[in-house]
Amino acid sequence: MSGALAGVRVVEVGTEISAPYCTKLLADLGADVHKIEPPDGDPLRQWGPFPGGRPDPDRSGLFDYLNCGKTVTVKDFTDDRDRSAVRELIAGADILVENLPAGDDRRQAWGLDSDTLARVRPGLVVVRISDFGQHGPLHGRPTSPLTMQAASGWVNAREFGRTPVQAGARIPEYIAGGYAALGALTGLRVAATVEDRPVEVDVSTFEALLSTLPYPMLLAERLRSMGLPTNSRAAPMLGIVRAADGWIGINCLTGQHWLDVCAMVGLPEFGEHQLAIMLGGPERDEFLAKVQPWLDGQSVADIVELSQALRIPAAPVNDGSSILTCPQYAERGFFVPGGGPGWEYRRPGAPFRLSGARPGSGGAAEPADAEGDPAAPFAGLKVFDLSTFWAGAYLTCYLGAFGADVVKVESIQRPDAHRYSGALLRQGDDWYERGPLWQGTNLNKRDLTLDLNSGRGRELALRLAADADVVVENFSPRVVEQFGLDYDSLAAGNPDVIMVRMPGFGLAGPWRDYVGWALNIEQLAGMSAVTGYPDGPPCNLQGPADPIAGVHAGVALLAALHERRRTGGGQLIEVAQIEVGAAVTAEPVIEYSMNGVIREREGNRHRSYAQGVYPCRDEDDWVAISVRDDTDWANLVAAMDLPGLARDERFRTAAQRRRHHDEFDDVVSTWTRGRTAEQAVAAAIAHGVPAERILTGDRMYDLPQLDARGYYEEIEHPITGTHRYPGWPFRISPGPARHHRTPPPTLGQHNTEILRALGVTDDELGELADQRVIGRRLLHAD
Numbered sequence: 008m009s010g011a012l013a014g015v016r017v018v019e020v021g022t023e024i025s026a027p028y029c030t031k032l033l034a035d036l037g038a039d040v041h042k043i044e045p046p047d048g049d050p051l052r053q054w055g056p057f058p059g060g061r062p063d064p065d066r067s068g069l070f071d072y073l074n075c076g077k078t079v080t081v082k083d084f085t086d087d088r089d090r091s092a093v094r095e096l097i098a099g100a101d102i103l104v105e106n107l108p109a110g111d112d113r114r115q116a117w118g119l120d121s122d123t124l125a126r127v128r129p130g131l132v133v134v135r136i137s138d139f140g141q142h143g144p145l146h147g148r149p150t151s152p153l154t155m156q157a158a159s160g161w162v163n164a165r166e167f168g169r170t171p172v173q174a175g176a177r178i179p180e181y182i183a184g185g186y187a188a189l190g191a192l193t194g195l196r197v198a199a200t201v202e203d204r205p206v207e208v209d210v211s212t213f214e215a216l217l218s219t220l221p222y223p224m225l226l227a228e229r230l231r232s233m234g235l236p237t238n239s240r241a242a243p244m245l246g247i248v249r250a251a252d253g254w255i256g257i258n259c260l261t262g263q264h265w266l267d268v269c270a271m272v273g274l275p276e277f278g279e280h281q282l283a284i285m286l287g288g289p290e291r292d293e294f295l296a297k298v299q300p301w302l303d304g305q306s307v308a309d310i311v312e313l314s315q316a317l318r319i320p321a322a323p324v325n326d327g328s329s330i331l332t333c334p335q336y337a338e339r340g341f342f343v344p345g346g347g348p349g350w351e352y353r354r355p356g357a358p359f360r361l362s363g364a365r366p367g368s369g370g371a372a373e374p375a376d377a378e379g380d381p382a383a384p385f386a387g388l389k390v391f392d393l394s395t396f397w398a399g400a401y402l403t404c405y406l407g408a409f410g411a412d413v414v415k416v417e418s419i420q421r422p423d424a425h426r427y428s429g430a431l432l433r434q435g436d437d438w439y440e441r442g443p444l445w446q447g448t449n450l451n452k453r454d455l456t457l458d459l460n461s462g463r464g465r466e467l468a469l470r471l472a473a474d475a476d477v478v479v480e481n482f483s484p485r486v487v488e489q490f491g492l493d494y495d496s497l498a499a500g501n502p503d504v505i506m507v508r509m510p511g512f513g514l515a516g517p518w519r520d521y522v523g524w525a526l527n528i529e530q531l532a533g534m535s536a537v538t539g540y541p542d543g544p545p546c547n548l549q550g551p552a553d554p555i556a557g558v559h560a561g562v563a564l565l566a567a568l569h570e571r572r573r574t575g576g577g578q579l580i581e582v583a584q585i586e587v588g589a590a591v592t593a594e595p596v597i598e599y600s601m602n603g604v605i606r607e608r609e610g611n612r613h614r615s616y617a618q619g620v621y622p623c624r625d626e627d628d629w630v631a632i633s634v635r636d637d638t639d640w641a642n643l644v645a646a647m648d649l650p651g652l653a654r655d656e657r658f659r660t661a662a663q664r665r666r667h668h669d670e671f672d673d674v675v676s677t678w679t680r681g682r683t684a685e686q687a688v689a690a691a692i693a694h695g696v697p698a699e700r701i702l703t704g705d706r707m708y709d710l711p712q713l714d715a716r717g718y719y720e721e722i723e724h725p726i727t728g729t730h731r732y733p734g735w736p737f738r739i740s741p742g743p744a745r746h747h748r749t750p751p752p753t754l755g756q757h758n759t760e761i762l763r764a765l766g767v768t769d770d771e772l773g774e775l776a777d778q779r780v781i782g783r784r785l786l787h788a789d
């Protein structure tokens, strides 16, 4: 056996994507995964892609991608002998993962209920993935992937003037699986402290999707407090535009980026109009009309190269074909062979790379016995946080929430640039302490300012790293390397350290030093190409790439910590964000490599049944409705009180409804336009038809389901007061009762206590402040 999770035994009773992707990640890290498949097969075997496009349950590319490396056994839970065999597997397992619907009677009939598992395997970690979680007012609600996206704020108006549209390629289902893997490995740490009973991890897909948004509820709260509109229609510029030979994303993150773009395209006169252009209207139309001739004369590759030379975040918009030849993926060998004789294809490799544990120092490691506190599974873990923006900070916020001591490093010269997000909300001289997005990702930490451009600052950083269990960073590779804070330098003085490096493009490859942020990742990884309407451009997902990368890095880190407990010694973990993005957008590349097909964007439609997003009586209010089968259609007809439709041949079968989809949409939208969103959803749900109102940021605090599960927690910030911060999308029982421990720190708030613990005297602290190596106020804050 090899891998960080060698010796960990996992049983999966799951179908489709969420549970299989959870256990796939564990298998990628060396766990022994035994998948129990029902006699009629995992439904994903019918999804494809298939060689030649012809259905073959033994040659489903997506099923193969999610389940390769596992032992797959067919068991019938209605058979006593099969149930007994599964019980024996569970008795020898460390983790059980299942994704039966909440409240499903099969859980008890199959012996997967809590009471039975407590008898069969005390100490087992039980991961249960469901749409809304195992309890709360919505826990038994009918759903579809589209309505889940709608309920959680993932269906957005991605093009000006068009119906809001879902994210493509079933990405949200992978997200739930990633969080489930993070919860499973956290549960393992809890289980070491409570070996007399199972540890249950209750994962909510709804909360997982909310957790991967860039905190629109926090931003809406701040805008409301300032008397400003809470749902801005601003779009990043230039965004996704067409060049001579394809689509490209040019993604301004700062005002300087915008000025540089205007100069690059020969339109410097627009440099002062960034906000007006972002908000749409005539200024935007005028600018895009004038920039298009320049774009028409340039190839995607040439624009990317020129933009990156100017440090402007730009990336090609890859699809299932172009991603295979993209230089960065190709040189890193990310896409690997899949399938078997006669049906080979290419699939994403593992979304993280672990160097393997090196010989340890032989010193004392963090405790691994039953004396720990299940409410603080990371207690004793020392984390040195060099991250910026969201991906790395999201990981360290999670570690701190459950007990780790996280020291975040910034400087008064160059603080975490995430503090500037929402900089238009500047209020007072201390505006950099007030950013709601920065606050949301930096709870549970202590803040230290160090000027790493100074010799004294680097020396102190190395001393802190020498005492750390974990070091996290997500800059472009050259940043920490030029400071001497790369893995080899740190491990020379601390062989037990685990370093997590999360560069956007990876530590090696021709694009290793390219600049980028979430939108680049979405575009390069194929996420944007599958999102949008067939007759429109690819669309950005607007930010989830960062937390998705943070979650995957967390899974890899917890596996490495598990290995260190077993063998000693630290290691390097590389999590290239573009590879994580491609791992959760697997189907397009699998389909193209199998069949040479680049499937067009599907808008809000589904391949097997009719569905859509429809306008309601109130302006800018929408509902998503899915008709999964003939029963749903009969029930929707009853909900609409249009009995004549039951005899309409255009809609009699699923195939007919899809063939006449435009007419289906006309019928449903006529009905929804006469009702409020609440009325339309209530009528559909009362008849068992999946339906949800499109959630916007200003209503994310007004959801009883989240209140019932304690998703938000009130924490008082010393400057901005009390806020409700989002938590994590699972509950661990027994385990942490709270999602967060401490408020987000102010700049340099903990300088004195951290540096005194290193032996720095008060006189030295004064000298460091005078030399501006440390400080508590941003230089040039105005």
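For the sequence shown, position 599 (counting from the first letter as 1) is numbered 606 according to our numbering, and the numbering increases by one without interruption. Ideal Cβ placement from N, Cα and C applies to all residues, glycine included.
Collapsed DSSP secondary structure at residue i in the structure displayed
i: T456; result: strand
i: E774; result: helix
i: W254; result: strand
i: K82; result: coil
i: F391; result: strand
i: W445; result: helix
i: Q53; result: helix
i: Y718; result: coil
i: W629; result: strand
i: Q335; result: helix
i: D309; result: helix
i: A174; result: coil
i: L361; result: strand
i: S314; result: helix
i: L235; result: coil
Opening and closing residue of the alpha helix (DSSP H) in which residue i lies
i: E529; result: A525 to L531
i: K31; result: S25 to D35
i: G588; result: Q584 to A590
Inter-residue spacing [alpha-carbon to alpha-carbon] between residue i and residue j
i: N451; j: R229; result: 21 Å
i: A6; j: H730; result: Any answer about residue 6 is impossible in this case: the structure gives the chain only from 8 up to 789.
i: R249; j: G533; result: 16 Å
i: P862; j: G278; result: With the chain running from 8 to 789 in the structure shown, residue 862 is simply not present.
i: G717; j: A552; result: 25 Å
i: I555; j: R608; result: 22 Å
i: M285; j: A242; result: 5 Å
i: T727; j: A472; result: 32 Å
i: I505; j: V477; result: 5 Å
i: I692; j: A646; result: 9 Å
i: A522; j: R339; result: Ala is not the amino acid found at residue 522; the sequence shown has Val there. Their Cα atoms are separated by approximately 18 Å.
i: A515; j: A357; result: 16 Å
i: C333; j: S740; result: 44 Å
i: P679; j: G447; result: According to the sequence provided, residue 679 is Thr. The question's Pro does not apply to it. Rounded to the nearest angstrom, the two C-alpha atoms are 36 Å apart.
i: D112; j: G175; result: 32 Å
Near the ligand ADP: residue i beta-carbon under 7 Å from a heavy atom
i: G363; result: With respect to the ligand ADP, the structure shown offers nothing to examine, as it has no ligands at all.
First and last residue of the uninterrupted beta strand (DSSP E) at residue i
i: R731; result: G728 to P733
i: E581; result: Q578 to E581
i: L103; result: I102 to E105
If we count Cβ pairs, one from each stretch, closer than 8 Å, do we get three or more for the region 380 to 397 versus the region 616 to 631? Counting C-beta pairs closer than 8 Å gives fewer than three between the region 380 to 397 and the region 616 to 631, which falls short of the contact rule.
Ignoring anything shorter than 3 residues or poking outside the region 463 to 509, list the beta strand (DSSP E) runs there in chain order. The qualifying runs are 477 to 480 and 505 to 508.
Contact the region 9 to 24 vs the region 96 to 104: 3+ CB pairs below 8 Å: With contact defined as three or more Cβ pairs closer than 8 Å, the region 9 to 24 and the region 96 to 104 are in contact.
Can we say the region 116 to 130 touches the region 655 to 671, given the rule of at least three CB pairs closer than 8 Å? No contact exists between the region 116 to 130 and the region 655 to 671.
Segment contact, 8 Å Cβ cut-off, at least three pairs: the region 697 to 715 with the region 144 to 157: Contact annotation: the region 697 to 715 touches the region 144 to 157, with at least three C-beta pairs closer than 8 Å.
Three or more beta-carbon pairs under 8 Å between the region 580 to 587 and the region 28 to 45, yes or no? Segments in contact, no.
The region 404 to 420 / the region 742 to 756 touching (three or more Cβ pairs under 8 Å): Segments in contact, yes.
Between the region 676 to 687 and the region 138 to 147, can you find at least three pairs of beta-carbon atoms closer than 8 Å? With a cut-off of 8 Å, the region 676 to 687 and the region 138 to 147 do not count as touching, because too few Cβ pairs lie within range.
Count the C-beta pairs between the region 78 to 85 and the region 168 to 175 that are closer than 8 Å, then say yes if the count reaches three, no if not. The way I'd put it, the region 78 to 85 doesn't touch the region 168 to 175; fewer than three beta-carbon pairs between them come closer than 8 Å.
Give the list of continuous alpha helix (DSSP H) stretches no shorter than 4 residues that lie fully inside the region 667 to 725. Secondary structure within the region 667 to 725: the alpha helix (DSSP H) runs of 4 or more consecutive residues, fully enclosed, are 668 to 680, 684 to 693 and 711 to 716 (chain order).
Taking three-plus beta-carbon pairs below 8 Å as touching, is the region 735 to 754 in contact with the region 247 to 264? No contact exists between the region 735 to 754 and the region 247 to 264.
Are the region 605 to 620 and the region 186 to 194 touching by the rule of at least three beta carbon pairs closer than 8 Å? Counting Cβ pairs under 8 Å, fewer than three are found: no touch.
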